[in-house]
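Quick mapping for you: the protein sequence lines, in order, are chains A and B. Counting in our numbering, the first sequence tops out at residue 270, every number present. Counting in our numbering, the second sequence tops out at residue 436, every number present. Glycine included, every Cβ here is placed at the ideal spot set by N, Cα and C.
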Amino acid sequence: MLHRIDSALQQADVNTPAPPGSFDNASIWQHMSAALHQSLDRVLTQLIAVLPGLLAFFVALAIFSLAGALLSWLSRQLLGWVKFDSRVTHTIKSDWAPSSSPSEIISRVLFWGCVLLGLIIGVSAFDTSYATGAALPISLLPYLTHAVGAVLLLIAGILIARFLARSVLISAINAQLQYARILSLGVKWLVLVLTAAMVLDHLQVGGNVVELAFGILFGGIVLTLALAVGLGSRDLVSRSLESRVEHAGERTNIPDDATTASRTIRHF
Amino acid sequence: MATTSPVPEDTSIAERSTADLLVLVSAMPSEQLARALTNLEAAFASESVIVATPNELTGEPRRLRMISTQQSSSGWALAPTDFVNAAQYGREHEARAILLLGPGADSLSPVALRGLADAVLKASIDLAIPHYSLPPHAGLINSAILYPLTRAVFASRARFPLAIDLGLSLRMAEQLANVAQSISAANQVEALIWPINEAVAAGFTIDEVDVGTRTMPQPSDPDINSILSLITGSLFGDIEAKAALWQRPRRPSPARRMANDVPGDDGTADVARMVSAFQLAYANLQEIWSLVLPPNSLLLLKRCSVLDAASFRMPDNLWVRVIYDFVIAYRLRTINRGHLLGALIPLYLAWVAGHINVTASGIPAERHIEAVAAAFEADKPYLVARWRWPDRFNS
């Protein structure tokens with residue numbers, strides 16, 4: 003291909019009638035064609051050097067994804083056969099209850115672990131083949147690993163934000179706080195903003211601007227929440243403090259078995 | 042307060058005598074224990090009775106033979122170690138019947154104690170369950186969820202599935218001790234509602250004994266949020282564990298006679314607060330409820346949310362569907378289980394508000410509770426269907 007381009011350029015050079023007395027123009031054409039030739043040569047060489055690496059990347063990813071799917075299917079069958087879910091449910095009891103069954107989690111971890119391994123091996127193969135090819139300074143390759151980390155951070159941040167927002171919402175509703183939704187949204191956005199700042203920092207995007215913006219935004223949200231809760235529950239707090247003081251004064255006079263209206267209902 | 046004595050490694054040879062009845066009494070203040078022992082002496086004047094207690098064995102000599110036992114971990118309900126101890130001491134003393142008495146058992150009359158023991162000693166019942174007479178607005182979690190759900194799912198007529206006093210035959214005690222050991226080994230501290238369901242599952246004979254009024258011990262944390270989550274979580278977990286059993290068609294146990302209501306306060310002062318809690322939750326928890334409840338239930342909840350406190354009612358069939366859908370969501374882990382049980386609290390408060398209004402209108406509380414339980418039984422096919430094919434909302 004290069005040979006053909008070269009001959010075409012030479013042909014164009016030969017076929018072009020040189021104007022009388024234009025020795026300098028011919029020299030320029032020769033220099034231009036030489037420069038173009040060299041540039042094209044360099045780019046094509048680099049592309050050819052990268053192609054095996056890319057191919058290796060996709061092959062590694064495909065093979066490990068298939069292996070992951072197979073392992074995942076095998077683990078699901080095996081764990082189902084030994085009744086792993088019921089055993090774990092009876093053995094480990096905690097407040098943290100994921101939305102998927104333990105065997106499902108294990109099979110997913112196996113699959114995505116294999117995919118991640120394939121990704122790492124593919125990137126490594128790409129890196130190796132590229133380094134042996136040409137010394138083109140490329141900044142995307144190290145960025146890829148940062149990008150994977152950033153995506154993981156983002157997913158974790160979103161999950162944590164959703165979990166905390168729900169926890170706060172339900173607790174606040176059961177405490178009959180009228181501003182439960184605002185509180186929940188505030189917590190959610192606090193975590194999301196924190197996550198976004200961490201992701202950008204991990205990607206090394208923005209530098210000090212991100213830190214500064216995060217500080218301002220985070221502080222702003224906290225201040226807003228503090229003002230909202232403080233102003234909204236000012237009466238509640240003052241009533242609570244007053245009643246506490248009154249109860250402290252009356253404690254000696256009130257018998258322990260004094261009944262109130264709310265005590266007529268016993269849930270248990 | 043009660044103090045515990047060091048746990049003996051083994052009972053002495055002198056103590057290894059046979060007895061008609063073994064009574065395991067939970068730790069309680071010494072004056073309460075004295076009252077409980079007096080009642081036991083009055084109830085069992087002619088039988089040989091051994092009383093095992095974690096309290097210190099001091100005080101005036103009694104006709105009852107006393108032994109020391111280990112204090113259970115739970116302060117307000119029977120703990121798995123109680124069943125293990127019951128089986129162990131029952132075996133050692135060749136007891137024909139075992140009485141497990143929970144905290145506050147001094148309020149049980151001698152007649153009640155006699156009735157529980159006689160069910161095992163004379164009627165050859167394996168598990169005698171007490172039927173307490175509580176005020177209309179007491180034990181509401183039991184009335185709203187535990188009793189109707191247990192009755193529908195396990196075909197058990199136990200009015201108090203979370204009984205804190207039990208009469209056991211020795212073979213029943215052995216069976217429950219085996220299960221209790223596995224629960225203790227797995228450190229399942231939240232396992233509360235399993236003994237009666239286990240007896241049903243294992244096919245033992247069960248009967249209910251009227252024991253009259255009793256002072257119910259309250260959990261250390263009386264907050265409704267923690268109590269409801271703990272108790273309903275325990276029952277939902279047991280339903281999940283015994284799914285293979287209750288999905289098989291079972292003949293329900295014979296209908297029990299309806300107990301008379303114990304007069305009590307009407308409690309109407311709390312209805313407005315509970316209804317407003319439900320309305321607040323309806324305005325804010327739609328996102329979570331819609332993950333658990335089908336559209337039909339959400340529509341009915343919407344209609345409830347616009348009712349004022351005085352006329353507030355929660356239809357029985359809606360309450361049944363709500364509980365069944367929460368059981369399904371608990372099994373499927375649709376959302377985090379802590380969140381799920383937290384989201385149930387406002388709905389439970391709405392049921393309580395409706396129940397108080399129903400009883401205030403002149404309908405006896407017990408009749409309303411029986412109607413709710415009957416609705417649970419009638420709608421059990423919905424639970425079975427959704428348990429097997431959970432993706433389909435049969436609204």
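Item: Report yes or no: is there a C-beta of chain A within less than 9 Å of the C-beta of Trp428 (chain B)?; Value: no
Item: Using the C-alpha atoms, what's the distance from Met315 (chain B) back to Glu215 (chain B)?; Value: 44 Å
Item: Rank A:Asn176, A:Gly208, A:Leu171, A:Gly124 by C-alpha distance to the C-alpha of Lys190 (chain A) and give the top, closest one.; Value: A:Leu171
Item: Would you say Ala182 (chain A) faces chain E, with C-beta separation under 9 Å as the test?; Value: Of the protein chains in this structure, namely A and B, none is chain E.
Item: Within 10 Å of its beta-carbon, does Thr122 (chain B) have 16 or more other beta-carbons around it, so buried, or fewer, so exposed?; Value: buried
Item: Quick one: what does DSSP say Arg132 (chain B) is sitting in, helix, strand or coil?; Value: helix
Item: Can you name the residues that DSSP bridges to Gly253 (chain B)?; Value: B:Tyr173
Item: Would a check of beta-carbon distances place Asp258 (chain A) closer than 9 Å to chain B?; Value: For Asp258 (chain A), the pLDDT reaches just 38, beneath the cut-off of 50, and the residue's location in the model is therefore unreliable, leaving the point undetermined.
Item: CB Ala284 (chain B) to CB Trp428 (chain B), shorter than 9 Å?; Value: yes
Item: Hey, how far is the Cα of Val272 (chain A) from the Cα of Val45 (chain A)?; Value: Any answer about residue 272 (chain A) is impossible in this case: the structure gives chain A only from 3 up to 270.
Item: Does the Cβ of Met213 (chain B) have 16 or more other Cβ atoms within 10 Å, making it buried, or fewer, making it exposed?; Value: buried
Item: Under 8 Å by Cβ, that's how I've got Asp159 (chain B) and Thr246 (chain B) pegged, so tell me the actual separation to the nearest angstrom.; Value: In fact, because the Cβ distance is near 14 Å, the residues do not count as touching under 8 Å.
Item: Taking DSSP as the reference, what is the three-state secondary structure of Asn210 (chain A)?; Value: helix
Item: Indicate the three-state DSSP secondary structure (helix, strand or coil) for Gly403 (chain B) in the structure shown.; Value: coil
Item: Using 8 Å as the threshold, is the region 359–369 of chain B in touch with the region 185–200 of chain A, meaning 3 or more CB pairs across them?; Value: no
Item: Counting only C-beta atoms, is Leu171 (chain A) closer than 9 Å to chain B at any point?; Value: yes
Item: Is Asn210 (chain A) close to chain B? Criterion is C-beta to C-beta, closer than 9 Å.; Value: no
Item: Quick check: the region 254–270 of chain B against the region 381–392 of chain B, are there 3 or more CB pairs under 8 Å?; Value: yes
Item: DSSP three-state call for Ser197 (chain B): helix, strand or coil?; Value: coil
Item: Less than 8 Å between the CB atoms is what I'm expecting for Ala204 (chain B) and Pro171 (chain B), so what's the real figure, rounded?; Value: 6 Å
Item: Quick check: is the beta carbon of Phe86 (chain A) nearer than 9 Å to any beta carbon in chain B?; Value: no
Item: DSSP three-state call for Asp87 (chain A): helix, strand or coil?; Value: helix
Item: On the CB-based measure, 16 or more other CB atoms within 10 Å of its CB, does Met107 (chain B) come out buried or exposed?; Value: buried
Item: For Ala93 (chain B), which beta-bridge partners are listed by DSSP?; Value: B:Leu65, B:Ile108
Item: Does any residue of chain B have a CB that is nearer than 9 Å to the CB of Arg78 (chain A)?; Value: no
Item: Would you kindly work out how many angstroms separate the C-alpha atoms of Ala158 (chain A) and Val150 (chain A), rounded to a whole number?; Value: 12 Å
Item: Could you tell me whether any Cβ in chain B is nearer than 9 Å to the Cβ of Gln178 (chain A)?; Value: yes
Item: Verify whether the separation of the beta carbon atoms of Ala136 (chain B) and Ser67 (chain B) is less than 9 Å.; Value: no
Item: Buried or exposed: Asn337 (chain B), going by 16 or more other Cβ atoms within 10 Å of its Cβ?; Value: exposed
Item: Between the beta-carbon of Met257 (chain B) and the beta-carbon of Phe270 (chain A), is there less than 9 Å?; Value: yes
Item: Closer than 8 Å is the cut-off here; do at least three beta carbon pairs connect the region 106–126 of chain A with the region 56–71 of chain A?; Value: yes
Item: 9 Å is my cut-off, CB to CB: does Ser103 (chain A) come that close to chain B?; Value: yes
Item: Taking 8 Å as the limit between beta carbons, can you name the residues of its chain near Asp248 (chain B), skipping five residues before and five after?; Value: Ala160, Ala164, Ile166, Leu168, Ala169, Ile170
Item: For Gln40 (chain A) and Val153 (chain A), what's the separation of their Cα atoms in angstroms?; Value: 40 Å
Item: Just to confirm the assignment: which complete alpha helix (DSSP H) runs, minimum length 4, are found wholly within the region 105–177 of chain A?; Value: 142–176
Item: Name the chain B residues whose beta carbon is nearer than 7 Å to that of Ile175 (chain A)?; Value: Leu321, Ala322, Asn325, Leu326, Pro387
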